[in-house]
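Going by the numbering used here, the first residue of the sequence shown is number 1, and it counts up by one from there.
To keep things clear, I will list the structure first and then write my remarks on it.
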Amino acid sequence: MLIVEFLAEGTTYHQHPWPWVVDLPRSSHAVAQRSAVREDAMRITMTRDGSVFFRYHRVEPENLPGLIHDALQEGAEKKIYLAVDARSKYGDAARVVEQIGLTGIRQICLMAEKPAGR
Numbered sequence: 001m002l003i004v005e006f007l008a009e010g011t012t013y014h015q016h017p018w019p020w021v022v023d024l025p026r027s028s029h030a031v032a033q034r035s036a037v038r039e040d041a042m043r044i045t046m047t048r049d050g051s052v053f054f055r056y057h058r059v060e061p062e063n064l065p066g067l068i069h070d071a072l073q074e075g076a077e078k079k080i081y082l083a084v085d086a087r088s089k090y091g092d093a094a095r096v097v098e099q100i101g102l103t104g105i106r107q108i109c110l111m112a113e114k115p116a117g118r
């Protein structure tokens with residue numbers, strides 16, 4: 001079973017664990033996930049143009065299973081924090097999720113912002 005969670009992302013820059021700016025989707029059900037900012041958290045970012053980053057390095061989606069496996073061997077939590085730009089193509093995001101699925105990880109936390117005033 002694939003577990004998907006929504007993470008509320010703060011709007012202030014110093015709280016943002018990703019060095020790349022992405023326009024996150026909005027969700028009124030977003031919940032803060034403190035583990036997302038841990039140094040060993042497995043963060044994957046996909047920008048509007050389809051570029052993919054694992055933690056702080058640009059990667060090809062096909063390399064994600066190996067990178068995730070290595071991170072797990074180093075003691076990372078068995079959870080992926082995925083930030084996908086709201087304007088990116090669905091097919092690009094699906095390719096990333098497919099690669100994550102090849103690793104056996106079923107907990108994927110989709111990064112989202114709460115709408116203003118919530």
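Beta carbons are placed, not taken as given, at the ideal position from N, Cα and C, and that holds for glycine.
In this text the structure is predicted, and so the values were computed from the model without any measurement.
Counting C-beta neighbours from all protein chains within 10 Å, is the total for residue i 16 or more, i.e. buried, or is it exposed?
i, result
"Leu-102", "exposed"
"Tyr-81", "buried"
"Ala-71", "buried"
"Val-21", "exposed"
"Val-96", "buried"
"Ala-30", "buried"
"Pro-115", "exposed"
Could you confirm whether any beta carbon from chain C is found closer than 8 Å to the beta carbon of residue i?
i, result
"Val-96", "The structure shown contains no chain C, having only a single protein chain."
Considering only the beta carbon of each residue, do residue i and residue j sit closer than 8 Å?
i, j, result
"Gln-33", "Leu-64", "no"
"Val-84", "Met-46", "yes"
"Arg-58", "Ser-88", "no"
"Asp-40", "Gly-75", "yes"
"Ala-86", "Pro-25", "yes"
How many whole angstroms separate the CB atoms of residue i and residue j, which I take to be in contact at a CB cut-off of 8 Å?
i, j, result
"Ser-27", "Ala-112", "4 Å"
"Glu-62", "Ser-35", "At roughly 27 Å, the Cβ-Cβ gap does not stay under 8 Å, so Glu-62 and Ser-35 are not in contact."
Using CA atoms only, rank isn't needed, just tell me which of the options is closest to residue i.
i, options, result
"Asp-92", "Ile-44, Gln-73 and Ala-116", "Ile-44"
"Gln-107", "Lys-79, Glu-60 and Val-37", "Lys-79"
"Gly-104", "Leu-110, Ile-68 and Pro-115", "Ile-68"
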